[in-house]
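Using mature numbering (1 follows the signal peptide of the UniProt record, and there is no 0), the letters of the sequence shown map in sequence onto residues -18 to -1, 1 to 410.
Let me begin by presenting the structure, written as C-alpha cells, before commenting on it.
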Amino acid sequence: MRMILFGFTVFFITIVQAQNNQSLIKENAPNVYIDCGYCDYNFIKEQIPIVNFVRDRNDADVHILFTSQTTASSGKEYILYFIGQNLFKNLNDTIKYQTFNTDSDDISRNKMVNSLKLGLINYIKKTSLSDYLSINFNLPKKKEKVTEDEWNFWYFTTSANTNFSGEKNYKNLYLNTSISASRVTEDLKLSFKLSSNYNENRYNYFDGVTEKKFLSVRRSQDFYAFLVKSIDEHWSWGAWIGGNSSTYSNIEFNFYISPGIEFNIFPYSQSNDKQLRIDYRIRNSFTNYSEETIYFKKKENLWSHSLEATLSLIKPWGSINISTEAGNYLHNLNLFELDINGYLSLRLVKGLSLNLFGGYSRINNQLSLRRAGASLEEVLTQRRQLETSYNYWGGIGISFSFGSIYNNIVNPRFGNSGSGGMTIMFYN
C-alpha cells in the first residue's frame, strides 16, 4: 500500500511539474532551431529567453545554420544563415562574425550570442514580442584610430605536446613538437611548418615460465612550405616544397617539389556554402630509403602527378563532403593510387537523421617497402608498413528522436544526462 501511495505521489508531482513547465513555452514567440554541432546550447538558451528553441528544423519558424572557416591567424570566421519558415517564409538573413585564436571560450560564446540576437531581431520585430525589445548602442568614447598590422599578416605557432598511458604490462609515450608560420591575404597564402613525432610502446608478456619484453618505437619528421596565389574568383595556382623521414615507411629522407593549379566551379566567395574544386599537381621527389626496397632500390628520383576533385555542400537539409583523387608515377603508369573519401549527413524527415562516412583506396604504388620484410613483432606492433592493394574505413549512424518539440529548459544537475527522445546508432 505504501509503495502504491509513493508511486501515486511521484506521478502527481511529475504531472504538476509538467504543467508548470508549460509556462516556459513562450506564447507568440517564434520557434527557433539552432543547426550547430559545436555551440553551447545552455548558454544560448539562458541569454536569449525570448524565443522557443525546438529540437527539429521542421518545427521551426527560423532555422539558423552555422558554417565556419579558419582565418589567417588560426581564428574562425562564422557565417550564420537565418532561414525563415512558416510565418517567416522567404525572410532570410546572413550574419558574420569572427573569433581569434587568443579568445577564451567565454569571449567566443558571447560573440556567438550577440550575432544570434542581431539576426533574430529581424523576426521578433514582426511579432507581438517586439513591444518588449529595447536596443542599445555602445558607442566608442573616442574615434578609433586605423592602425597597421605590425606583423604584416604573419602568424607564428610553436607547440610541444605529449600524452602517455600505462598499466602493469603496457606503457605508451607520444611526443610531438612543431613550429609553423603563415601569411594569408585575399590574394596570397604562404605557409611553412616543421614537425617531429615520437611514439613508443612497451609490452611485457609472461607465459607462465618466462617473461618477454617488447619495445616498439616509431619516429617521423616532416617539413613543408607552400605558396598559393589567386588568379580570379574561380582559378588559383600554387607551389609546394617539402620533405619527410619515417621509420614506419622505410624513408630515411624524402624531398619533393610540386606545382599545381586549381579550378573552383563555384566562386571562392561562396566557399562557406558550397565548393566544387578540381586541382591538378605534378611532383618531382627524391627519396633515400633506410633499407633496400622490394624493387632493389636504395634511392631514386621520380616524377608523378595527381588529379583531385572535392565537393562540399552545407544546406538546411544536411551536408555533403566528398573527395576523390587519382595519381600515378610517370615512369610507370601501372604504379598508381586511387582514393575516395566522403561524409554525408542528412535530415530525412522530422526527427530522423542519417550519417554516412567512409573511404576506400586502391593502392599499387608502395615503392618504399623494404625487401627484408617485417618480423612478427613488427607486424603486431605496427612498426613497419606492410604490402597491401587496398584499405578502407567507414561507418553509419541513424538517429531517431521524438517527443516535445521544445528545448527551452536548462538543467545542469548531474551533467547532461537525460534528454527527450530516443537514439539508435549503428556503426560499421
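Note that CB positions come from ideal geometry on N, CA and C, so glycine has one too.
Just so we're clear, the structure is a prediction, and the values are computed from it rather than from any experiment.
How big is the Cα-Cα spacing for residue 17 and residue 369?
43 Å
Beta-carbon separation of residue 201 and residue 227 under 9 Å?
yes
Contact belief for residue 436 with residue 67 at Cβ below 8 Å, rounded distance in angstroms
Residue 436 cannot be examined here, being either before or after the span of the chain that is shown, -18 to 410.
Would you tell me roughly how many angstroms separate the C-alpha atoms of residue 395 and residue 25, rounded to the nearest one?
15 Å
In terms of residue numbering, what span does the alpha helix (DSSP H) encompassing residue 362 cover?
358 to 362
According to DSSP, is residue 134 part of a helix, a strand, or is it coil?
coil
Suppose contacts are defined by Cβ-Cβ distances below 9 Å. Is residue 208 in contact with residue 173 by that definition?
yes
Residues in its own chain within less than 8 Å of residue 152 by CB, not counting five upstream and five downstream?
183, 184, 185, 186
Look at the Cβ atom of residue 47, then the Cβ atom of residue 63, and state whether they are nearer than 9 Å.
yes
Suppose contacts are defined by Cβ-Cβ distances below 9 Å. Is residue 162 in contact with residue 140 by that definition?
yes
Close beta carbons around residue 232, own chain, < 8 Å, minus the five adjacent residues each side
271, 272, 273, 275, 350, 351, 352, 366, 367
Can you confirm whether the stretch 319 to 334 touches the stretch 233 to 251 when touching is taken to mean that 3 or more C-beta pairs between the two stretches lie within less than 8 Å?
no
What are the start and end residues of each continuous beta strand (DSSP E) run of 3 or more residues lying completely inside the stretch 292 to 327, in chain order?
300 to 311
At 3 residues or longer, what runs of the beta strand (DSSP E) sit wholly inside the stretch 10 to 76?
13 to 17, 44 to 52, 58 to 66
Nearest to residue 19 by alpha carbon, out of 364, 361, 327, 375?
327
Residues in its own chain within less than 7 Å of residue 336 by CB, not counting five upstream and five downstream?
328, 330, 380
Would you kindly check if the distance between the Cβ of residue 32 and the Cβ of residue 98 is under 9 Å?
no
Spatial neighbours of residue 95 in its chain, beta-carbon cut-off 8 Å, leaving aside the 5 residues before and after:
25, 26, 29, 30
Endpoints, the alpha helix (DSSP H) within which residue 106 is located
87 to 106
Determine the contact status of residue 65 and residue 100, defining contact as a CB-CB distance below 9 Å.
no
Compare the beta carbon distance of residue 42 and residue 14 with 9 Å and say whether it is the shorter of the two.
yes
Tell whether a beta-carbon distance below 9 Å holds between residue 286 and residue 309.
yes
How big is the Cα-Cα spacing for residue 5 and residue 109?
Summary for residue 5: the model assigns pLDDT 46, below 50, so the residue's position carries little reliability; its value from the coordinates is reported in the next sentence. Computed Cα separation, rounded: 19 Å.
Nearest by alpha-carbon distance to residue 333: which of 377, 384, 136, 303 is it?
384
Does the beta-carbon of residue 35 have 16 or more other beta-carbons within 10 angstroms, so that it is buried, or is it exposed?
buried
Residue 176, DSSP secondary structure in three states:
strand
With DSSP run on the structure shown, which of helix, strand or coil describes residue 114?
helix
State yes or no: is the C-beta of residue 12 within less than 9 Å of the C-beta of residue 103?
no
Distance, residue 148 Cα to residue 156 Cα:
12 Å
Residue 296: buried (16+ other C-beta within 10 angstroms of its C-beta) or exposed?
buried
Whole angstroms is fine: what's the gap from residue 181's alpha carbon to residue 144's?
10 Å
Report the residue from 282, 387, 219 whose alpha carbon sits nearest the alpha carbon of residue 259.
219
Pick from 210, 214, 256: whose alpha carbon is nearest that of residue 241?
210
Quick check: the Cα distance between residue 89 and residue 263, rounded to an integer number of angstroms?
41 Å
Enumerate in chain order the residues of its own chain whose CB-to-CB distance from residue 198 is below 6 Å, with the five nearest sequence positions on each side excluded.
183, 363, 365
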